[in-house]
């Protein structure tokens, strides 16, 4: 039965990897932008956020919908004239399979419930490893994300989470294949936190800081060149970035920001080729079927420029794999 879930090594490994990856944006100097988005957090300040994420996958052989709800405590640990140090801690995590259905007579031969059970076990493993997890990271004085500080601590947490999940996924695989996959995921957990330029932060943290550090002109679309650091080589994959100040009230000092990040098929093919080489070193032969990938994230943020806190954020990420589409919808709200 695990072979059924892992019939496409590319798909499994890529989706697993991207869920804990983030984009690193290179900000261009654009002097025409006149409205800075800047934070003003106090030392020791604590805020509480509610995060809701819903993933909907529509594939040729599967339809699924998973709900993930998290509570987060955000604390300002340090503050200087040029930086902030923040502590992001998951205090509550609940994951639920809202809907799951296999398609096609071959896939329906009594295994749908078994696969649903496996998914629930994976979600339970994820919940256990995430609750209490804290990410300590820095931003510049404008609130633009810089880097994670507690890498050693996260490395151990990621190892535990990865190995727990892969143990569940490969429980019925032959020992040789199970061992090679375990070794591979141990390597991935190391790669996630080894590069100081790589934003080892979750999508929710990135969304929290997505718009900070730029300067805006009302109604003007800012187009920037972004990068997605490779976990396999020293190269970066290109990301197209667009940001726009859609609404701005100077008297209330409030704004609505919209943006899009796009990783096109060309960049994804570079990633897949690097992944293929890495898989081969662990004796894993990926599916040779031609795969077309594209990832687009659209986000909308309502912020208070005078205080600098994001009160509400919404992001939709669509991953297209040939004719299959996985959509992640994420909402972040500050609990007042």
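Residue numbers (my numbering): 16 to 351.
Positions of the beta carbon are idealized from the N, C-alpha and C atoms, including for glycine.
Keep in mind it's a predicted model, so treat the numbers as computed, not measured.
Residue i - containing alpha helix (DSSP H), residue span
i, result
"residue 90", "Run containing residue 90: none in the alpha helix (DSSP H); it sits in the beta strand (DSSP E), 77-94."
"residue 295", "280-296"
"residue 221", "218-224"
"residue 227", "Segment: none, residue 227 is in no alpha helix (DSSP H) and carries neither H nor E."
"residue 170", "166-184"
"residue 58", "Unbroken run through residue 58: none, as it is neither H nor E."
"residue 145", "127-145"
Alpha-carbon spacing of residue i relative to residue j, whole angstroms
i, j, result
"residue 157", "residue 228", "5 Å"
"residue 61", "residue 170", "25 Å"
"residue 329", "residue 222", "8 Å"
"residue 194", "residue 136", "20 Å"
"residue 268", "residue 255", "29 Å"
"residue 185", "residue 192", "8 Å"
"residue 291", "residue 300", "8 Å"
"residue 285", "residue 150", "29 Å"
"residue 25", "residue 152", "A caution first: residue 25 carries a pLDDT of 39, below 50, which makes its placement in the model too unreliable to give a value."
"residue 108", "residue 160", "24 Å"
"residue 32", "residue 196", "Only weak support exists for where residue 32 lies, its pLDDT of 38 falling under 50; the value from the coordinates is given anyway. Each residue's Cα considered, the two are about 14 Å apart."
"residue 324", "residue 168", "27 Å"
"residue 83", "residue 234", "34 Å"
"residue 200", "residue 146", "21 Å"
"residue 347", "residue 252", "27 Å"
"residue 143", "residue 345", "21 Å"
"residue 77", "residue 112", "13 Å"
"residue 92", "residue 266", "31 Å"
"residue 70", "residue 298", "31 Å"
"residue 116", "residue 341", "15 Å"
"residue 349", "residue 326", "5 Å"
"residue 247", "residue 172", "21 Å"
"residue 296", "residue 177", "19 Å"
Identity of the residue in the options nearest residue i by Cα
i, options, result
"residue 219", "177, 105, 184", "105"
"residue 343", "114, 293, 68", "68"
"residue 175", "155, 148, 340", "148"
"residue 198", "293, 98, 59, 90", "293"
"residue 95", "177, 165, 347, 56", "56"
"residue 179", "91, 201, 140, 188", "140"
"residue 181", "111, 305, 133", "133"
"residue 7", "89, 129, 306", "Residue numbering for the chain in the displayed model covers 16 to 351; residue 7 lies beyond these limits and cannot be assessed."
"residue 280", "297, 102, 306", "306"
"residue 87", "64, 288, 271", "64"
"residue 339", "72, 230, 226", "72"
"residue 258", "315, 85, 326", "315"
"residue 89", "190, 232, 202, 224", "224"
"residue 162", "318, 203, 101", "101"
"residue 264", "283, 320, 183", "320"
"residue 85", "110, 261, 289", "110"
Limits of the beta strand (DSSP E) - the one that residue i falls within
i, result
"residue 348", "339-349"
"residue 62", "61-73"
"residue 238", "236-244"
"residue 334", "325-336"
"residue 317", "308-319"
"residue 253", "251-264"
"residue 247", "No beta strand (DSSP E) contains residue 247, which DSSP labels as neither H nor E."
"residue 149", "149-155"
"residue 117", "98-117"
"residue 161", "160-163"
8 Å Cβ cutoff, residue i in contact with chain C
i, result
"residue 163", "Here chain C cannot be found, since the structure has a single protein chain."
Check whether the region 276-283 and the region 239-254 touch, using three or more Cβ-Cβ pairs below 8 Å as the test.
yes
Are at least three pairs of beta-carbons, each pair with one atom in the region 326-338 and one in the region 311-318, less than 8 Å apart?
Yes, they touch.
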